[in-house]
Amino acid sequence: MKKENNISPEKIFEIYGDFILNNGERPKNIYLFAKENNFEEKDFYNYFASFEHIEKLMITHLFERSVELASEVNDTDTITAKEKLLNVYFIFFENMTMNRSLVLMILGKDKMNSIKILQSLKEAHKSFVKTLDFNEMEILKNAKGDVKNFTEKSREEALWLHLMSCIEFWKKDNSPSFEKTDLFIEKTVDTGFELIDNEPLRKIVDLGKFLWKEKFKAN
Numbered sequence: 489m490k491k492e493n494n495i496s497p498e499k500i501f502e503i504y505g506d507f508i509l510n511n512g513e514r515p516k517n518i519y520l521f522a523k524e525n526n527f528e529e530k531d532f533y534n535y536f537a538s539f540e541h542i543e544k545l546m547i548t549h550l551f552e553r554s555v556e557l558a559s560e561v562n563d564t565d566t567i568t569a570k571e572k573l574l575n576v577y578f579i580f581f582e583n584m585t586m587n588r589s590l591v592l593m594i595l596g597k598d599k600m601n602s603i604k605i606l607q608s609l610k611e612a613h614k615s616f617v618k619t620l621d622f623n624e625m626e627i628l629k630n631a632k633g634d635v636k637n638f639t640e641k642s643r644e645e646a647l648w649l650h651l652m653s654c655i656e657f658w659k660k661d662n663s664p665s666f667e668k669t670d671l672f673i674e675k676t677v678d679t680g681f682e683l684i685d686n687e688p689l690r691k692i693v694d695l696g697k698f699l700w701k702e703k704f705k706a707n
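Counting the sequence shown from 1 gives a position; the working numbering is that position plus 488.
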């Protein structure tokens with residue numbers, strides 16, 4: 489059978505995803521994976537170094553695609569930084585849900601494995617966060633000096649840890665249409681962005697009640 493010359497990263501994503509979903513494990517090796525899918529092994533290495541590399545980039549691809557889709561509404565002067573973040577997150581988790589079985593298989597149950605797989609996503613997330621204008625955020629208008637001087641690196645790391653917590657929540661969410669994940673994202677982003685407004689205690693208590701109820705239900 490003639491080998492395909494037009495193999496693309498997206499095509500490899502597709503056939504690799506189908507394979508691990510159908511077989512419950514990675515292919516035995518890259519040579520057999522390429523041969524069985526009618527392309528050359530060398531073409532695989534044009535895009536990926538290993539099967540683990542594919543898995544890292546598959547989730548990153550979902551996020552980058554979500555940023556692209558959100559840009560249709562985010563590229564306006566009337567959208568706040570918080571709204572831009574929420575728009576991207578809601579689209580990202582919708583994409584994750586559309587590929588839930590695959591994403592859960594890739595991430596696995598081991599949190600250390602999840603952290604390892606998500607390292608590529610971290611870089612994509614950092615690039616997106618850099619596009620947010622923190623200087624125009626409503627919360628900084630009445631902020632104290634130490635908050636205003638919060639470093640860019642610290643903001644990036646805090647928002648990354650927040651996204652990780654959202655992913656962990658989504659992995660365990662068993663609500664219809666994963667509506668609790670949407671609520672979790674909204675409440676935690678709202679708290680983080682508005683912690684120093686006129687009602688910080690109300691927001692913290694509201695978030696605490698939500699997290700406590702979910703933890704209790706999970707047990």
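Cβ coordinates follow ideal geometry from the N, Cα and C atoms, glycine included.
For the 8 angstroms CB-CB criterion, V591 and F616 do not form a contact.
Here K544 has I605, Q607 and S608 as same chain residues with Cβ atoms under 7 angstroms from its own Cβ, once five neighbours each way along the sequence are excluded. In the structure shown, F536 adopts coil according to DSSP, grouped into three states. In terms of CA proximity to T548, A612 leads the group F521, S559, A612 and K597. Under the three-pair Cβ rule at 8 angstroms, the stretch 564-578 does not count as touching the stretch 527-538.
Using a Cβ distance threshold of 8 angstroms, S589 and L509 count as a contacting pair. Leaving aside the five residues that flank P497 on each side, the residues in its chain whose CB is nearer than 7 angstroms to its CB run, in chain order, Y535. Distance between I594 and M584, taken at the CA atoms: about 12 angstroms.
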